[in-house]
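To keep things clear, I will list the structure first and then write my remarks on it.
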Amino acid sequence: MLFLYILLGLVAVGAITLGNSLKIVKQYERGVVFRFGRVTSDARDPGLTAIIPFVDHLQKVSLQIITMPIPAQDGITRDNVTVRVDAVIYFKVVDPRRAIVDVEDYRLAVGQVAQTSLRSIIGQSELDDLLTNRERLNQGLAIMIDSPAVDWGIHIDRVEIKDVALPEAMKRSMSRQAEAERERRSRIIVADGELQASNKLAQAASAMSETPSALQLRLLQTIVEVASERNSTLVLPFPVELLRFLESNSPKSGGDDRRSRADDSADGSDHSDDADAPVVERVREAIDTAAGGHDQLTGTRDITIAEFMKTTGYSLEELDSMVRALSQSVRSDDGDVDRQDRAAQSADKAVTSADTPAPPAQSPCFGPAFGSEPTPPPVVGWDSVTRDHRQPT
43 MLFLYILLGL VAVGAITLGN SLKIVKQYER GVVFRFGRVT SDARDPGLTA
93 IIPFVDHLQK VSLQIITMPI PAQDGITRDN VTVRVDAVIY FKVVDPRRAI
143 VDVEDYRLAV GQVAQTSLRS IIGQSELDDL LTNRERLNQG LAIMIDSPAV
193 DWGIHIDRVE IKDVALPEAM KRSMSRQAEA ERERRSRIIV ADGELQASNK
243 LAQAASAMSE TPSALQLRLL QTIVEVASER NSTLVLPFPV ELLRFLESNS
293 PKSGGDDRRS RADDSADGSD HSDDADAPVV ERVREAIDTA AGGHDQLTGT
343 RDITIAEFMK TTGYSLEELD SMVRALSQSV RSDDGDVDRQ DRAAQSADKA
393 VTSADTPAPP AQSPCFGPAF GSEPTPPPVV GWDSVTRDHR QPT
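Take any residue in the sequence shown, note its place counting from 1, add 42, and you have its number in the working numbering.
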């Protein structure tokens, strides 16, 4: 019975010893064996490995890439801007023996070196570099951290700056600067567009100057486009041809016409209708233009002398001469007007003169003489031109 108990004890001790002597190393790990406190020559590879119980001690080291965030660091850049920068570091163990023997805690050591290196890189860089040249700063930061870590059997895979926090005042100033830069670029673009447009307009003007009909066509197109908008007022230039027509038929030549008419009458020839026809047509057109068309009910429309002068551009003396010529034409054509019409006209004139005060220096035909004090102008009707002899009212 005692022998059985001893045998069971030996089996239990053997099982415990066997369990302590057999170790499993995973694929991403390496085993460092300490025998009586000293590191053996080589690290144990992945798989099942045996050690001497109570003599050897196996310490496993992971070879996976470790991701370690670097706490945000406050610093002042080279251009005296206070910033807050945080980063992340990626590293792995390449020499398990040195990572265990040469440094107490390689994770803590790498983290501290990363913080100091990040502060150093902040002080050596400007704000624009932190914002725009992060790739170059990441490479420099990785080199600074990898320099001491290589002695610990650590390889720095890469370092990346995550964020750069700026003060609120700096953010506002940068926003204003960016806005000013965008405004400058927009003005440059607008100026370039105006320069190109002016060059094209100069070329178009040169081409149109060689072909006046093209310029007139462009004017007509513009008039059509503007007239299509009902809420717009279109102002057209005064035609030069009309000015030439008025100059050619100006009453200043009335004296010469009367002298030629007198000579013709002395010769016994009757050319009154041919000579006075342009004057009659000209007055009719001027009155029609000033009146804006005939009245739909009566067929006539009255206008004042002021409206007539304002529309046609004639002076009072020129109107006086024109009316004289027109009166002579009417008398020559209508010499058989009966006396009753003449009496009625005289009565109307008498009533008009009695109702209104006598103006100073009246012209023989109508209106005050040139240079005298103007009075309210009478109304000249279209019927006076159409030979109905409608008197002013």
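The beta carbon of each residue, even a glycine, is placed where N, CA and C say it ideally should be. Quick caveat, the model's predicted, so the values are computed rather than measured.
- The straight-line gap separating the alpha-carbon atoms of T91 and D147 is approximately 25 Å.
- In this structure, A141 and V81 do not form a Cβ contact; the two beta carbons are roughly 12 Å apart against a cut-off of 8 Å.
- Take the alpha-carbon of T158 and the one of V152: they are about 10 Å apart.
- Secondary structure of G61 (DSSP, three-state): helix.
- D128 is bridged by DSSP to D205.
- With contacts defined by Cβ atoms closer than 8 Å, L169 and D128 do not form a contacting pair.
- Between Q69 and P88, the C-beta spacing is below 8 Å.
- In the DSSP annotation of this structure, the continuous segment of the alpha helix (DSSP H) that includes S217 starts and ends at E210 to E252.
- DSSP places I93 outside both helix and strand once states are collapsed to three, so it counts as coil.
- Using a Cβ distance threshold of 8 Å, V130 and I112 count as a contacting pair.
- Cα atoms of V53 and L183: separation of roughly 58 Å, rounded to the nearest angstrom.
- Closest by C-alpha distance to E177, out of I203, V55 and A249, is I203.
- Looking at V266, S240, P190 and R161, the one whose alpha-carbon comes closest to that of D144 is P190.
- In terms of CA proximity to S162, I187 leads the group K242, M250, I66 and I187.
- One thing to note: V135 has its Cβ no nearer than 8 Å to the Cβ of G51.
- Between A85 and G73 a beta carbon distance of about 6 Å is seen, short of the 8 Å cut, so the two are scored as contacting.
- Counting along the chain, the unbroken alpha helix (DSSP H) around A141 starts and ends at P138 to V143.
- The three-state secondary structure of G73, taken from DSSP, is strand.
- Per DSSP, reduced to three states, the secondary structure at A85 is coil, with no helix or strand assignment.
- Rounded to whole angstroms, the separation of the alpha carbons of R214 and E225 is 16 Å.
- Of the residues assessed, S255 falls on the exposed side of the cut-off, its CB having fewer than 16 other CB atoms within 10 angstroms.
- Just measuring C-alpha positions, the residue of E252, T253 and D98 sitting nearest L64 is D98.
- In the three-state DSSP reduction, G117 falls in the strand class (E or B).
- Taking the CA atoms as reference points, S248 sits about 14 Å from R260.
- Burial of T119 is indicated by the presence of at least 16 other C-beta atoms within 10 angstroms of its C-beta.
- Counting the other Cβ atoms within 10 Å of the Cβ of L150 gives fewer than 16, which makes it exposed.
- The Cβ atoms of L172 and V206 lie closer than 8 Å to each other.
- In the three-state DSSP reduction, F45 falls in the helix class (H, G or I).
- At the C-beta level, G117 and I164 come within 8 Å of one another.
- Here M216 is not near V123, since their CB atoms are 8 Å or more apart.
- In this structure, DSSP gives S270 a state outside helix and strand, which the three-state scheme calls coil.
- Judged by DSSP in its simplified three-state form, I185 adopts helix.
- D199 is not a Cβ neighbour of F96, given a cutoff of 8 Å.
- Under the DSSP assignment, Q101 falls in the beta strand (DSSP E) whose first and last residues are D98 to S104.
- DSSP places I107 in the coil class of the three-state scheme, outside both helix and strand.
- Per DSSP, reduced to three states, the secondary structure at D147 is coil, with no helix or strand assignment.
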